[in-house]
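Each residue of the sequence shown is one higher than the last, beginning at 71 in the numbering used here.
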Amino acid sequence: MGRKVCRDCGEDKPAEEFYVDRTAADGRRGNCKSCQKAYVRKRYDENPVQNGDRRAIAARYRERHPEAVRAQNIANLRKRRVQMRQTVQDLLGNCCARCGTTENLQLDHMREDGAEHRARLNNNHDLMLREAIASIQSGEGRYQLLCQPHNLEKHWEHKRAEAI
Ligand SMILES: [Zn+2]
Ligand SMILES: [Zn+2]
71 MGRKVCRDCG EDKPAEEFYV DRTAADGRRG NCKSCQKAYV RKRYDENPVQ NGDRRAIAAR
131 YRERHPEAVR AQNIANLRKR RVQMRQTVQD LLGNCCARCG TTENLQLDHM REDGAEHRAR
191 LNNNHDLMLR EAIASIQSGE GRYQLLCQPH NLEKHWEHKR AEAI
């Protein structure tokens, strides 16, 4: 047997282009290999649960519940940010570098490059925190914790120094 017409796409193809099917009269499937592959793929996409494909199930869920997925993503981001902030504080000793209080702590850019830092990272707090953690861990000495009043005090000292 040399050639066969595919019942799906109607193309005339060599017999090897059809999967072997011992139950078929001529020993080959009625549709060609590419049509059969497309059919299997389509069925797989349509019935992810039946096929046990967890990724397809997740994709379907995302498609059907975009607002729930978005809310979950935002919650995850927030959680990660809180964790990163805590990591920064832990690494810096959890107290003001000037008075030792543990209240109202703020992250201080010791080299006064906070504005530059924010601008460079497009105000992306997650990236800023990640950079801060890496910097503190490598001992660069760029960051310290200051309580709100002392951060303000330092700010005015800096302004005064600039004026002189
Ligand atoms: Zn075909
Ligand atoms: Zn203080």
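Where a beta carbon is used, it is the ideal one built from N, C-alpha and C, also for glycine.
Owing to the predicted nature of the structure, the values given are computational and were not obtained by experimental measurement.
- Between ligand 1 and the CB of D96, the shortest heavy atom gap is not smaller than 6 Å.
- Per DSSP, reduced to three states, the secondary structure at Y213 is strand.
- Those residues whose C-beta sits under 5 Å from the nearest heavy atom of ligand 1 are, from N- to C-terminal order along the chain, C76, D78, C79, C102, C105.
- Within the same chain, and ignoring the five residues on either side of M180 in sequence, the residues whose Cβ sits closer than 7 Å to its Cβ are G211, R212, Y213, Q214.
- DSSP links H179 through a beta bridge to Y213.
- At least one heavy atom of ligand 2 is found less than 6 Å from the C-beta of T171.
- Secondary structure of D82 (DSSP, three-state): strand.
- The alpha-carbon separation between R148 and N117 amounts to approximately 34 Å.
- Sequence-distant Cβ neighbours of N174 in its own chain, meaning closer than 7 Å and more than five residues away, are C217, Q218.
- Taking N221 as reference, the option from C169, C76, E81 with the minimal CA-CA separation is C169.
- Comparing C-alpha distances from A202 to each of R155, K107, C165 shows the shortest one belongs to R155.
- With distances taken between CA atoms, D82 lies nearest to S104 out of T93, R92, S104.
- Contact between the segment 187–202 and the segment 133–146 is absent: fewer than three C-beta pairs spanning the two stretches fall below 8 Å.
- Set against 6 Å, the gap from the CB of H220 to the closest heavy atom of ligand 2 is smaller.
- For C165, the Cβ stays outside the 6 Å cut-off from all heavy atoms of ligand 2.
- Nearest C-alpha to G100 among R73, Q207, R124, D160: R73.
- G80 and D115 have their C-alpha atoms spaced approximately 24 Å apart.
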